[in-house]
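Engineer:
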Amino acid sequence: MKPRLSCFEVVLPFKVPFTTSFGTQSERHALLFRLEADGVVAYSECVTDVGPHYSYEDNYTAMHIIREYLAKFVEDLPVPKVFLERSEAVKGHNMAKAALEMLLWDYHSKLSGKPIHEYMGGSKGYADVGISIGMDKVEKVVARVGEAIQRGYRRVKVKIERGREHEILGAIREVYPEIPLTADANCDYRIKDIEILKSLDRYNLVYLEQPLDHDDLVDHAKLRKQISTPICLDESITSPDKARKAFEIGAADVVNIKPGRVGGFTNSLEIARIARDQGGHVWVGGMLETGIGRAFNVALASHSLVDYPGDTSPNDKYFEQDIVKNPFKMIDGRIKPNTGPGIGVDVDLDYLIKVSIKMTRIV
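So for the sequence shown, the working numbering puts the first residue at 1059; every next one is plus one.
(1) Which residues in the same chain have their Cβ closer than 8 Å to the Cβ of MET1417, if we skip the five residues on either side of it in sequence?
(2) Within the stretch 1224–1285, note down every full beta strand (DSSP E) run reaching 3 residues or more, in order along the chain.
(3) One question on the structure: do VAL1342 and GLY1368 come within less than 8 Å of each other, judged by their Cβ atoms?
(4) Name the residue from ASP1134, GLY1351 and SER1297 whose alpha carbon lies nearest to the alpha carbon of ARG1086.
(5) Near GLY1402, what residues of its chain come up, given a Cβ to Cβ distance below 6 Å and the 5 sequence neighbours on each side ignored?
(6) Name the DSSP beta bridge partners of PHE1091, please?
(7) Report the option in ILE1254, LEU1266 and TYR1366 whose CA atom is closest to the CA atom of ASN1244.
(8) Ordered along the chain, which non-local residues of its own chain (more than five positions away) have a Cβ less than 7 Å from that of ALA1129?
(9) Using alpha carbons as the reference points, say which of LYS1217, LYS1073, ALA1120 and LYS1060 lies closest to ASP1374.
(10) My assumption, with CB atoms under 8 Å, is that GLN1284 sits in contact with LYS1316. Please give the rounded CB distance.
(11) By the DSSP assignment, the alpha helix (DSSP H) with ILE1350 in it spans what residues?
(12) Taking the alpha-carbon positions, what's the LYS1139 to ALA1185 distance?
(13) Kindly indicate the opening and closing residues of the beta strand (DSSP E) around MET1345.
(14) Report the rounded CA-to-CA distance for ILE1389 versus VAL1148, giving the unit in angstroms.
(15) Give me, in chain order, the residues of the same chain whose beta-carbon lies closer than 6 Å to that of SER1286; leave out the 5 immediate sequence neighbours on both sides.
(16) Whose C-alpha, out of GLY1391, HIS1278 and LEU1346, is nearest the C-alpha of PHE1377?
(17) Relative to the C-alpha of GLU1103, which candidate in LEU1169, LEU1089 and LYS1168 has its C-alpha closest?
(18) Can a CB atom of chain D be found closer than 8 Å to the CB of HIS1166?
(19) Figure out for me which residue from VAL1276, ALA1241, ASP1406 and GLY1400 has the closest Cα to the Cα of PRO1385.
(20) I need the boundaries of the beta strand (DSSP E) containing VAL1312, first residue and last residue.
(21) Within a Cβ cutoff of 8 Å, which residues of the same chain sit near ALA1120, ignoring the five residues on either side of it in sequence?
(22) Taking the C-alpha atoms as reference points, what is the distance between ASP1292 and LEU1327?
(23) May I ask which residues mark the beginning and end of the beta strand (DSSP E) holding LEU1291?
(24) Taking DSSP's pairing of strands, which residues face ALA1185 in a bridge?
(25) Go through its chain and collect everything with a Cβ distance to ALA1206's Cβ below 8 Å, but skip five positions before and after it.
(26) By how many angstroms is the C-alpha of GLY1204 removed from the C-alpha of GLY1234?
(27) Tell me where the alpha helix (DSSP H) around ILE1411 begins and ends.
In structure tokens, the structure reads:
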């Protein structure tokens, strides 16, 4: 029987609006994919959103690329690496590719009867957990940092932007001078702002994440030579080749791997190997995913190549109700990946249908 591939477009409101230098999000518009074949039901999530703010991809472009170009590459249910090789015929569109590449990881790991973290190999069996806190009034940000510490998060990340960096970081350090703290600028600065960025050294950050432009490596290398705070690259790392170049020219100390940004798990693992071989550090980021996407992130974050806490908070931080019945629980700042086959989530199909604004049969 021919595999059945469907997409659910869902809308889940956030408990608290999430603000970065890109803007404010009050709800998650997610594309969730479901593959049915050989008695196996696999799921994945595309990390695009309604607008092209984090990258040029959005929900509209992802659906177009998947329906018109990529879906045909999964009809014979290839292993993820083969799918990725086929998809090289399409330039870019890593998030669309990742949605299907990771769908195949879930399918094949379920077919093998293994949890996905065991199927990929190299798992520590747990992921160290950090938290990402969006911008708000400074007293609210400081309060959320305190709550995160009380819950046991092993690293706190806060969003900053030009003009608010000292207000936010200064207030946090005044109250919490010793906590592992990082700042994420989401590309809001340019090399001309180097004096502002040098002034952030006073806050003793574990790293400063993506201060400069989304596709830049050269200016990050220049910046890294002039500040003592380690540089973490996020948006700039879109492939193993970009990771190799970043470390070769000295543009990064740390890499934030978001599987959707780099085309899926196959490339994520290769980027992690490159970073660690070059003496760098690795952690796994998030894109405000539902429990489906979160399960992939936690599985990857449990890999032995990942040595820093990532943005893998339990989803009760974001949603009143998730679409999975077995959301992750954090104990002592760690989350264990699911033990069921594949990503191991128990999807609440009734709720999934309830929050879907559109359902599409693709294959």
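Just so you know, even glycine gets a beta-carbon here, dropped at the ideal spot from N, CA and C.
Structural biologist: Here's the rundown:
(1) SER1064, CYS1065, PHE1066, GLU1067 and ILE1411
(2) 1239–1242
(3) yes
(4) GLY1351
(5) PRO1173 and ASN1396
(6) CYS1065 and SER1102
(7) LEU1266
(8) LEU1063, ILE1420 and VAL1421
(9) LYS1073
(10) Actually they do not touch by this definition, with Cβ atoms about 27 Å apart.
(11) 1349–1359
(12) 24 Å
(13) Premise fails: MET1345 is in no beta strand (DSSP E) and is neither H nor E.
(14) 42 Å
(15) ASP1259
(16) LEU1346
(17) LEU1089
(18) Considering every chain present, this structure includes no chain D. It has just one protein chain.
(19) ASP1406
(20) 1312–1315
(21) LEU1089, CYS1104, THR1106, HIS1151, MET1153, ALA1154 and ALA1157
(22) 15 Å
(23) 1289–1291
(24) ILE1393
(25) ILE1189, ILE1191 and VAL1214
(26) Note on residue identity: the sequence assigns Tyr, not Gly, to residue 1234. C-alpha separation (whole angstroms): 8 Å.
(27) 1407–1412
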